[in-house]
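Enquirer:
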Amino acid sequence: MTPRSAGFRMPAEWEPQAGVWMAWPERPDTWRLGGKPAQAAFARLANTIARFEPVTMLVSAGQWANALAQLDPAVRVIEMTTNDAWLRDTGTTFVTDGQGNLGGVDWRFNGWGGLSDGLYFPWDADDAVAAKMCAIERARRFRAPLVTEGGAIHVDGEGTVITTEDCLLNPNRNPDLGRADVEAILGDHLGIDTVIWLGQGVPDDITGGHIDNLACFVAPGVVLLSWCDDPADPHHAVSREAEARLLAARDAKGRALRVERMPMPTPLFLTADEAGGLDRTNPALSSAAGDRLAASYVNFLIVNGAVIAPAFDVPTDAAAEAVLRRLFPGREVIMLPSREILLGGGNIHCVTQQQPAV
Numbered sequence: 084m085t086p087r088s089a090g091f092r093m094p095a096e097w098e099p100q101a102g103v104w105m106a107w108p109e110r111p112d113t114w115r116l117g118g119k120p121a122q123a124a125f126a127r128l129a130n131t132i133a134r135f136e137p138v139t140m141l142v143s144a145g146q147w148a149n150a151l152a153q154l155d156p157a158v159r160v161i162e163m164t165t166n167d168a169w170l171r172d173t174g175t176t177f178v179t180d181g182q183g184n185l186g187g188v189d190w191r192f193n194g195w196g197g198l199s200d201g202l203y204f205p206w207d208a209d210d211a212v213a214a215k216m217c218a219i220e221r222a223r224r225f226r227a228p229l230v231t232e233g234g235a236i237h238v239d240g241e242g243t244v245i246t247t248e249d250c251l252l253n254p255n256r257n258p259d260l261g262r263a264d265v266e267a268i269l270g271d272h273l274g275i276d277t278v279i280w281l282g283q284g285v286p287d288d289i290t291g292g293h294i295d296n297l298a299c300f301v302a303p304g305v306v307l308l309s310w311c312d313d314p315a316d317p318h319h320a321v322s323r324e325a326e327a328r329l330l331a332a333r334d335a336k337g338r339a340l341r342v343e344r345m346p347m348p349t350p351l352f353l354t355a356d357e358a359g360g361l362d363r364t365n366p367a368l369s370s371a372a373g374d375r376l377a378a379s380y381v382n383f384l385i386v387n388g389a390v391i392a393p394a395f396d397v398p399t400d401a402a403a404e405a406v407l408r409r410l411f412p413g414r415e416v417i418m419l420p421s422r423e424i425l426l427g428g429g430n431i432h433c434v435t436q437q438q439p440a441v
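In structure tokens:
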């Protein structure tokens, strides 16, 4: 049985939430200086979210006391083994049936590309996270026949999902599945009827082009797109192609989409000090000084009563905040310093997973 056949759907992120899940960073080839700067950033993010709704932090046994010392007492801490801290991608995608029941889609996870293109091996602990979350919440678990990550999908709660061909049609995820196969699986597991395909993701995105760095629904029929005005920037062409596809699409309700533009951050690059703080044990994660960081203001999280977005201490921060305040007039907009999360390869949306209210 699939979630759709059992009456489940994935709610939009702006619908009421029961809480947010995160995992504690400690992998030293992802997070510099043994993860200490990232841990401070994760704690700040978790403690901020806890002002608005419950937060659960998954923490290894060895980091238990350290995490407790930095987290607000309101944050629930659960011991769990993980390979890394990207809960958007490894955690369950929660679904609800409108009858008070919670379900969870357990996507197959292969480290963003398996043995050919993945970022690390093994990834078995991360692939087990979603099932454990479902067990903790007594949610009905649905193991999906699709390799993907939560950051590769974004829904409007009314039957539409946006994703990228870069991720879901990449042979490093699902070599035996075609476009129609993927659409059918997404429909059955998210309760959606329409898939809107974008092409490439944000350049330099080590996940292989996640949608949550490029574009997201901010309301039914409204998509916020990461936009670049510099013709010399590789994202200039990517953003224009994405906008053209969005404007040509119709959602599940037959609506044309309104596209809002979010400026790209001032270009950001890995410093020599930052690169020097990484363990050089994994060639796939061996970032070098001067590497461009895949920064995006679209990588924000909507929670009950607030929007929590990344800030990078660059001139474009103010423009991004203004866009979010205009699009979310009923929510508090909080811009959190997030460079330390960005250094690991993602941002606020990537390290969080919302659980809808039932």
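Following our numbering, the numbering of the sequence shown begins with 84 at its first residue and continues without gaps. C-beta: ideal position from N, C-alpha, C; glycine also.
Do V265 and A106 have their C-beta atoms closer together than 9 Å?
Expert: As a working note, residue 265 is residue 182 in the sequence shown. As a working note, residue 106 is residue 23 in the sequence shown. Their beta carbons are not under 9 Å apart, which means V265 does not touch A106 by this criterion.
Enquirer: Under a Cβ-count criterion, where at least 16 other Cβ atoms within 10 Å of its own Cβ denotes burial, should R256 be classed as buried or exposed?
Expert: What you label residue 256 is simply residue 173 of the sequence shown in a count that begins at 1. Per the 10 Å Cβ criterion, buried.
Enquirer: Just to confirm my understanding: we take R338, look at its own chain, exclude 5 residues before and 5 after, and list those with CB closer than 8 Å. What are they?
Expert: Indexing the sequence shown from 1 puts residue 338 at position 255. Closer than 8 Å at Cβ, skipping near neighbours: P303 and G304.
Enquirer: Could you have a look at E96 and say whether DSSP puts it in helix, strand or coil?
Expert: Within the sequence shown, the letter at position 13 stands for residue 96. In the structure shown, E96 sits in coil (DSSP, three-state: anything other than H, G, I, E or B).
Enquirer: By the three-class DSSP mapping on this structure, what secondary structure does G183 have?
Expert: The residue labelled residue 183 in the question sits at position 100 within the sequence shown. Coil.
Enquirer: V178 and P99 - do their beta-carbons sit closer together than 9 Å?
Expert: Here residue 99 corresponds to residue number 16 of the sequence shown, with the count starting at 1. Here residue 178 corresponds to residue number 95 of the sequence shown, with the count starting at 1. No, Cβ-Cβ distance for P99 and V178 is not below 9 Å.
Enquirer: Please classify A405 as buried or exposed, where buried requires at least 16 neighbouring CB atoms within 10 angstroms.
Expert: Reading the sequence shown from its first residue, position 322 is the one you call residue 405. When all chains shown are included, A405 counts as exposed.
Enquirer: If we call anything under 9 Å between Cβ atoms a contact, is V416 one with A440?
Expert: Numbered from its first residue, the sequence shown carries residue 416 at position 333. Numbered from its first residue, the sequence shown carries residue 440 at position 357. No, these two residues do not count as a Cβ contact at 9 Å.
Enquirer: Taking the CB atoms as reference points, tell me whether D362 and T85 lie closer together than 9 Å.
Expert: Taking the first residue of the sequence shown as position 1, residue 362 is located at position 279. Taking the first residue of the sequence shown as position 1, residue 85 is located at position 2. Not a contact, by the Cβ cut-off of 9 Å.
Enquirer: Are three or more beta carbon pairs between the stretch 272 to 286 and the stretch 116 to 129 nearer than 8 Å?
Expert: Flag = no, the stretch 272 to 286 and the stretch 116 to 129 do not touch.
Enquirer: State the Cα-Cα distance for the pair K336 and R328, rounded to the nearest angstrom.
Expert: Counting from 1 along the sequence shown, the entry for residue 336 is found at position 253. Counting from 1 along the sequence shown, the entry for residue 328 is found at position 245. Those two C-alpha atoms are separated by around 17 Å.
Enquirer: Is it a yes or a no for the stretch 352 to 368 touching the stretch 103 to 121, going by three-plus beta-carbon pairs under 8 Å?
Expert: Enough Cβ pairs lie closer than 8 Å, so yes.
Enquirer: Buried or exposed, going by whether 16 or more other CB atoms sit within 10 Å of the CB of S199?
Expert: Residue 199 sits at position 116 when you count from the first residue of the sequence shown. Answer is exposed; the Cβ neighbour count stays below 16.
Enquirer: Can you tell which of T173, G284 and A392 has its C-alpha closest to the C-alpha of A325?
Expert: Walking along the sequence shown from the start, residue 325 turns up at place 242. Of the candidates T173, G284 and A392, the one whose C-alpha sits nearest the C-alpha of A325 is G284.
Enquirer: Which term fits F352, buried or exposed, when burial requires 16 or more other beta carbons within 10 angstroms of its beta carbon?
Expert: Taking the sequence shown and counting its residues from 1, one reaches residue 352 at position 269. The residue in question, F352, is exposed, as its Cβ has fewer than 16 Cβ neighbours within 10 Å.
Enquirer: Hey, out of P228, V138, Q182 and Y203, whose CA is closest to D167's CA?
Expert: Counting from 1 along the sequence shown, the entry for residue 167 is found at position 84. Comparing Cα positions, the closest option is Y203.
Enquirer: With DSSP as the reference, label A101 as helix, strand or coil.
Expert: Here the question's residue 101 lines up with position 18 in the sequence shown. Three-state DSSP puts A101 in a strand.
Enquirer: Which same chain residues end up closer than 6 Å to A124 when comparing Cβ atoms and leaving out the 5 residues on each side of it in sequence?
Expert: For the purposes of this step, residue 124 is identified with residue 41 of the sequence shown, where counting begins at 1. Answer for A124: E423 and I424, listed in chain order.
Enquirer: Helix, strand or coil for A267 per DSSP?
Expert: Numbered from its first residue, the sequence shown carries residue 267 at position 184. Looking at A267 - three-state DSSP - the assignment turns out to be helix.
Enquirer: How about G183 and M216: are their beta carbons less than 9 Å apart?
Expert: For this step, residue 183 is matched to residue 100 along the sequence shown. For this step, residue 216 is matched to residue 133 along the sequence shown. No, they are not a contact pair.
Enquirer: Would G429 pass as a contact of R171 if the rule is Cβ separation under 9 Å?
Expert: By one-based count along the sequence shown, residue 429 stands at place 346. By one-based count along the sequence shown, residue 171 stands at place 88. Yes; because the gap between Cβ atoms is below 9 Å, this pair is in contact.
Enquirer: Rounded to whole angstroms, what's the CA-CA distance from V103 to P205? Just pull it up for me.
Expert: Here residue 103 refers to the residue found at position 20 when the sequence shown is read from its first residue. Here residue 205 refers to the residue found at position 122 when the sequence shown is read from its first residue. For V103 and P205, the distance between alpha carbons rounds to 26 Å.
Enquirer: Should R92 go down as buried or exposed, given a rule of 16 or more other Cβ atoms within 10 Å for buried?
Expert: To locate residue 92, count along the sequence shown from 1; it is residue 9. Under this definition R92 is a buried residue.
Enquirer: For the pair the stretch 306 to 319 and the stretch 246 to 255, tell me if three or more CB-CB distances fall below 8 Å.
Expert: No, the stretch 306 to 319 is not in contact with the stretch 246 to 255.
Enquirer: Quick check for students: name the residue ranges of the beta strand (DSSP E) that lie wholly in the stretch 127 to 189, counting only runs of 3 or more.
Expert: Entirely contained in the stretch 127 to 189, the beta strand (DSSP E) runs reaching 3 residues are, in chain order, 138 to 142, 159 to 162 and 176 to 179.
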